[in-house]
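Student:
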Amino acid sequence: MNARAIREPAREVPVIAEPDVLVVGGGPAGIAAACAASRAGARTLLVEGYGCLGGTLTIVTLGGLCGIHAVVDDGRLGRVVGGMCLELEERLARVDALRAPARHGRIVGVPYDSVRLMGVADEMAEAHDVTVMLHTNAVAVAKEDSRVTAVIVENKGGRGAIAARVVVDCSGDGDVAARAGAGFEIGRDGQTQYGSAMFRLGGVDAVRAGQLTRAEIRECLERAVADGHALARTATGVHLNPIEGVAHLNVTKLGRPDGSPFDLVDPGDLSEAEREGRRQVRLYEEVFRKYVPGFANARVIDIGARVGVRETRLVHGEAVLSEAQVRGCGKPADRIACSSWPLEEHGRGRATAWEFLPDGEWYGIPWGCLVVRGFDNLLVAGRNLSAEHAAQASVRVAGPCMALGEAAGAGAAASVADGGSARTVDVGALQRALEREGAILTPDFRPPG
Ligand SMILES: Cc1cc2nc3c(=O)[nH]c(=O)nc-3n(C[C@H](O)[C@H](O)[C@H](O)COP(=O)(O)OP(=O)(O)OC[C@H]3O[C@@H](n4cnc5c(N)ncnc54)[C@H](O)[C@@H]3O)c2cc1C
Numbered sequence: 253m254n255a256r257a258i259r260e261p262a263r264e265v266p267v268i269a270e271p272d273v274l275v276v277g278g279g280p281a282g283i284a285a286a287c288a289a290s291r292a293g294a295r296t297l298l299v300e301g302y303g304c305l306g307g308t309l310t311i312v313t314l315g316g317l318c319g320i321h322a323v324v325d326d327g328r329l330g331r332v333v334g335g336m337c338l339e340l341e342e343r344l345a346r347v348d349a350l351r352a353p354a355r356h357g358r359i360v361g362v363p364y365d366s367v368r369l370m371g372v373a374d375e376m377a378e379a380h381d382v383t384v385m386l387h388t389n390a391v392a393v394a395k396e397d398s399r400v401t402a403v404i405v406e407n408k409g410g411r412g413a414i415a416a417r418v419v420v421d422c423s424g425d426g427d428v429a430a431r432a433g434a435g436f437e438i439g440r441d442g443q444t445q446y447g448s449a450m451f452r453l454g455g456v457d458a459v460r461a462g463q464l465t466r467a468e469i470r471e472c473l474e475r476a477v478a479d480g481h482a483l484a485r486t487a488t489g490v491h492l493n494p495i496e497g498v499a500h501l502n503v504t505k506l507g508r509p510d511g512s513p514f515d516l517v518d519p520g521d522l523s524e525a526e527r528e529g530r531r532q533v534r535l536y537e538e539v540f541r542k543y544v545p546g547f548a549n550a551r552v553i554d555i556g557a558r559v560g561v562r563e564t565r566l567v568h569g570e571a572v573l574s575e576a577q578v579r580g581c582g583k584p585a586d587r588i589a590c591s592s593w594p595l596e597e598h599g600r601g602r603a604t605a606w607e608f609l610p611d612g613e614w615y616g617i618p619w620g621c622l623v624v625r626g627f628d629n630l631l632v633a634g635r636n637l638s639a640e641h642a643a644q645a646s647v648r649v650a651g652p653c654m655a656l657g658e659a660a661g662a663g664a665a666a667s668v669a670d671g672g673s674a675r676t677v678d679v680g681a682l683q684r685a686l687e688r689e690g691a692i693l694t695p696d697f698r699p700p701g
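Okay, so the sequence shown: first residue is 253 according to our numbering, each after it adds one.
(1) For the structure I just gave you, are there three or more beta carbon pairs, one from the stretch 530–537 and one from the stretch 475–493, closer than 8 Å?
(2) How long is the line joining the alpha carbons of residue 445 and residue 435, rounded to whole angstroms?
(3) Looking at the structure shown, is residue 463 part of a helix, part of a strand, or coil, going by DSSP?
(4) Can you find the residues in the same chain that come closer than 6 Å, C-beta to C-beta, to residue 702, ignoring five residues on each side of it along the sequence?
(5) Look at the alpha carbon of residue 552 and the alpha carbon of residue 447, and state the distance between them as a whole number of angstroms.
(6) For the alpha helix (DSSP H) containing residue 594, name the first residue and the last one.
(7) Kindly indicate which residue of 549, 286 and 538 has the alpha-carbon position closest to the one of residue 380.
(8) Run the proximity test for residue 519: is its beta-carbon closer than 7 Å to any non-hydrogen atom belonging to ligand 1?
(9) Should residue 650 be counted as a contact of ligand 1 given a C-beta to heavy atom distance under 7 Å?
(10) Check whether the stretch 563–573 touches the stretch 615–624, taking contact to mean three or more Cβ pairs, one atom from each stretch, closer than 8 Å.
(11) Which term fits residue 316, buried or exposed, when burial requires 16 or more other beta carbons within 10 angstroms of its beta carbon?
(12) Let's see if you can read the secondary structure: which residues bound the beta strand (DSSP E) around residue 436?
(13) Give, in chain order, every unbroken run of the beta strand (DSSP E) that is at least 3 residues long and sits entirely within the stretch 567–591.
(14) Evaluate residue 320 with the Cβ neighbour count: other Cβ atoms within 10 Å of its Cβ, from every protein chain shown; 16 or more gives buried, anything less gives exposed.
(15) Could you please give the first and the last residue of the uninterrupted beta strand (DSSP E) stretch that includes residue 395?
(16) So, do the stretch 659–676 and the stretch 344–355 have three or more beta carbon pairs nearer to each other than 8 Å?
(17) What I want to know is whether the C-beta of residue 366 ends up closer than 7 Å to one or more non-hydrogen atoms of ligand 3.
(18) Helix, strand or coil, according to DSSP, for residue 667 in the structure here?
(19) Mind checking whether the beta-carbon of residue 516 lies closer than 7 Å to any heavy atom of ligand 1?
(20) When DSSP builds the beta bridges, which residues end up paired with residue 325?
(21) Compare the Cα-Cα distances from residue 452 to each of 467, 438, 490 and 472 and report the closest residue.
(22) Use the C-beta contact count for residue 437: other C-beta atoms within 10 angstroms, 16 or more gives buried, fewer gives exposed.
(23) When every heavy atom of ligand 1 is checked, does at least one fall within less than 7 Å of the C-beta of residue 526?
(24) Verify the CB distance criterion: does residue 681 have a CB-CB separation below 8 Å to chain B?
(25) Residue 513: buried (16+ other C-beta within 10 angstroms of its C-beta) or exposed?
(26) Once you ignore the five residues that flank residue 391 on each side, which residues in its own chain have a CB closer than 7 Å to its CB?
(27) Whose C-beta lies closer than 6 Å to the C-beta of residue 703 among residues of the same chain, with five residues either side of it excluded?
(28) Less than 6 Å between C-beta atoms, sequence neighbours within five positions excluded: which residues of the same chain meet that for residue 302?
(29) Taking the alpha-carbon positions, what's the residue 468 to residue 603 distance?
(30) Can you tell me the Cα-Cα spacing of residue 339 and residue 370, whole angstroms?
(31) What are the start and end residues of the beta strand (DSSP E) that includes residue 376?
(32) Just to confirm the assignment, what range does the beta strand (DSSP E) spanning residue 725 have?
(33) Give every residue of the same chain whose Cβ lies closer than 6 Å to the Cβ of residue 492, excluding the five residues on either side of it in the sequence, and list them in chain order.
(34) Do the stretch 325–339 and the stretch 685–696 touch if we need at least three Cβ pairs shorter than 8 Å?
(35) If contact is defined by three or more beta carbon pairs under 8 Å, each pair taking one atom from either stretch, is the stretch 470–477 in contact with the stretch 653–670?
(36) Hey, how far is the Cα of residue 695 from the Cα of residue 300?
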């Protein structure tokens with residue numbers, strides 16, 4: 253690192269917007285937060301660094317929306333996330349961009365079309381009267397005591413200040429919270445989950461590929477390793493896309509030459525991770541064609557516009573979602589969202605470690621995990637919530653992230669309406685408001701009728 257520095261000249265920054273609620277980051281958490289805040293009556297602005305909404309769902313691409321269902325028993329799934337997430341699913345289904353939930357053993361995902369999701373997210377923001385500013389990055393924060401007074405953004409128009417009454421940081425990386433001086437952890441002792449480059453293969457024999465179990469795919473890929481192919485990971489499933497003959501693969505694992513995970517908020521590491529991701533995608537294309545039934549004619553049709561980031565900053569909140577709470581299926585009275593997703597650890601080695609909750613079990617996430625410690629008007633939602641590393645490994649998937657975003661947006665609007673602080677939000681009233689809008693705070697797994 254070069255120790256030389258220059259002093260940036262002080263400058264006037266125009267105030268370009270004064271919404272009630274500013275949401276930074278248009279991933280699943282940010283979409284839900286902005287729509288929920290606006291639905292509750294707050295004038296809401298959503299800023300996003302890329303040219304579309306969806307975050308990891310569109311920019312990185314996923315095989316399916318996970319964490320929406322719990323496995324109740326062998327044949328049955330029960331919903332643990334409703335509200336804005338259900339609205340997104342219904343909108344996707346209307347444009348033929350969603351398939352029925354797919355089970356891979358005890359893992360459940362809802363396959364979706366990432367390209368159509370871009371347009372669906374636009375429509376959803378418009379339907380909820382959210383103002384969206386794309387290609388705009390939050391880069392700095394102005395604050396007075398415990399209040400964020402403005403978030404400074406940069407885009408092609410230059411630099412501008414957004415003076416909002418409440419800010420919700422859904423950047424995934426806790427960018428706003430970190431620039432405001434909030435405390436955070438990076439993973440556990442600086443070690444995060446590994447990131448992955450995501451890609452889709454076209455020309456897949458969907459019938460043959462659809463019959464493969466995770467164990468069979470692992471066997472094929474381990475054979476490739478035995479033949480000398482240096483695969484970073486061999487444990488994966490094939491996610492058939494709503495588009496015929498297209499499969500989504502989440503199989504790469506991005507580490508430094510010494511095997512440690514990249515720090516994906518370090519610009520040097522992030523750049524190298526992108527290059528390493530593309531190298532691995534080329535290798536997996538070759539290996540799938542040669543070793544995995546149904547893929548002989550497969551070819552990469554797209555790679556995410558950026559590497560997938562599972563974990564970076566975990567922002568310190570008024571409460572912390574602990575590993576013990578997740579493992580013990582804790583149901584705190586002040587929960588504003590719930591999840592039943594397993595602890596899914598993408599750590600060292602070629603496998604992924606899955607620890608499932610008992611069938612039909614779930615845990616709740618308390619409101620305090622969204623309230624940034626030391627701030628009156630700064631919330632976080634999504635994968636950068638206040639959580640221990642192993643707890644984040646469970647709560648970070650799309651369904652729970654949307655539930656967290658919805659709660660943060662509704663809570664932000666409530667604190668604007670009562671002129672108070674995010675710390676003094678009436679959580680009981682927030683819970684009732686969320687449930688009225690279809691959010692699930694106590695899953696009901698009884699069979700219908
Ligand atoms: C490789 C990988 C595979 C995964 N597989 C699945 C899966 O199959 N199913 C599933 O449900 N989940 C999966 N997940 C998890 C899930 O996708 C994410 O954890 C979830 O998208 C997190 O949502 P989020 O809104 O918190 O953050 P993100 O999706 O990361 O969205 C953050 C948004 O903020 C924007 N942003 C960031 N910084 C700024 C800034 N400073 N200014 C403005 N905008 C900013 C980003 O561009 C992005 O759009 C996977 C994750 C990864 C990385």
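No residue lacks a Cβ here, since even glycine has one placed at the ideal position from N, Cα and C.
Tutor: Short version:
(1) yes
(2) In the sequence shown, the residue the question calls residue 445 occupies position 193. In the sequence shown, the residue the question calls residue 435 occupies position 183. Their backbone Cα atoms lie some 20 Å apart in a straight line.
(3) Position 211 of the sequence shown, counted from the start, is the residue given in the question as residue 463. Coil.
(4) A query on residue 702 cannot be resolved here, the shown segment of the chain reaching from 253 to 701 and no further.
(5) Taking the first residue of the sequence shown as 1, we reach residue 552 at position 300. Taking the first residue of the sequence shown as 1, we reach residue 447 at position 195. Using only the alpha carbons, I get a separation of about 19 Å.
(6) As a position in the sequence shown, residue 594 is number 342, starting the count at 1. From DSSP, residue 594 is part of no alpha helix (DSSP H); its letter is neither H nor E.
(7) Taking the sequence shown and counting its residues from 1, one reaches residue 380 at position 128. Selected option, being the one with the closest Cα: 286.
(8) Stepping through the sequence shown from its first residue, residue 519 is reached at position 267. No.
(9) Position 398 of the sequence shown, counting from 1, holds the residue named residue 650. Because some heavy atom of ligand 1 lies under 7 Å away, the Cβ of residue 650 counts as near it: yes.
(10) The stretch 563–573 and the stretch 615–624 touch, with no fewer than 3 CB-CB distances between them shorter than 8 Å.
(11) Against the sequence shown, residue 316 aligns to sequence position 64. Under this definition residue 316 is a buried residue.
(12) For the purposes of this step, residue 436 is identified with residue 184 of the sequence shown, where counting begins at 1. Unbroken beta strand (DSSP E) run through residue 436: 436–438.
(13) 587–591
(14) As a working note, residue 320 is residue 68 in the sequence shown. Residue 320 comes out buried.
(15) The sequence position of residue 395 within the sequence shown is 143, counting from 1. Segment 389–396, the beta strand (DSSP E) holding residue 395.
(16) no
(17) Among the ligands modelled here, namely ligand 1, ligand 3 does not occur.
(18) Taking the sequence shown and counting its residues from 1, one reaches residue 667 at position 415. Shown here, residue 667 sits in a helix according to DSSP, grouped into three states.
(19) One-based indexing of the sequence shown puts residue 516 at position 264. Distances from the CB of residue 516 to the heavy atoms of ligand 1 are all 7 Å or more.
(20) As a first step, residue 325 must be located in the sequence shown, where it is residue number 73. Answer by DSSP bridge pairing, in chain order: 328.
(21) To locate residue 452, count along the sequence shown from 1; it is residue 200. The candidate whose alpha carbon is nearest that of residue 452 is 490.
(22) In the sequence shown, counting from the first residue as 1, residue 437 sits at position 185. Burial call: buried.
(23) Translated into positions along the sequence shown, residue 526 becomes position 274. No; taking the cut-off as 7 Å, the Cβ of residue 526 has no heavy atom of ligand 1 nearer than that.
(24) Considering every chain present, this structure includes no chain B. It has just one protein chain.
(25) Position 261 of the sequence shown holds residue 513. Flag for residue 513 reads buried.
(26) To locate residue 391, count along the sequence shown from 1; it is residue 139. Here the set comprises 404, 405 and 406.
(27) Since the first and last residues shown for the chain are 253 and 701, residue 703 lies out of range.
(28) Translated into the one-based positions of the sequence shown, residue 302 becomes position 50. Cβ neighbours of residue 302 beyond the five flanking positions: 311.
(29) If you number the sequence shown from 1, residue 468 lands on position 216. If you number the sequence shown from 1, residue 603 lands on position 351. Cα to Cα, residue 468 sits roughly 14 Å from residue 603.
(30) Along the sequence shown, read from residue 1 onward, the residue named residue 339 stands at position 87. Along the sequence shown, read from residue 1 onward, the residue named residue 370 stands at position 118. If you take the alpha carbons of residue 339 and residue 370, they lie about 15 Å apart.
(31) Here the question's residue 376 lines up with position 124 in the sequence shown. Segment 366–379 is the alpha helix (DSSP H) holding residue 376; no beta strand (DSSP E) there.
(32) In the structure as shown, the chain begins at 253 and stops at 701. Residue 725 is therefore absent and cannot be evaluated.
(33) The count along the sequence shown starts at 1 and reaches residue 492 at position 240. Cβ within range, chain order: 458, 462 and 499.
(34) yes
(35) no
(36) Walking along the sequence shown from the start, residue 695 turns up at place 443. Walking along the sequence shown from the start, residue 300 turns up at place 48. Distance between the alpha carbons of residue 695 and residue 300 is about 32 Å.
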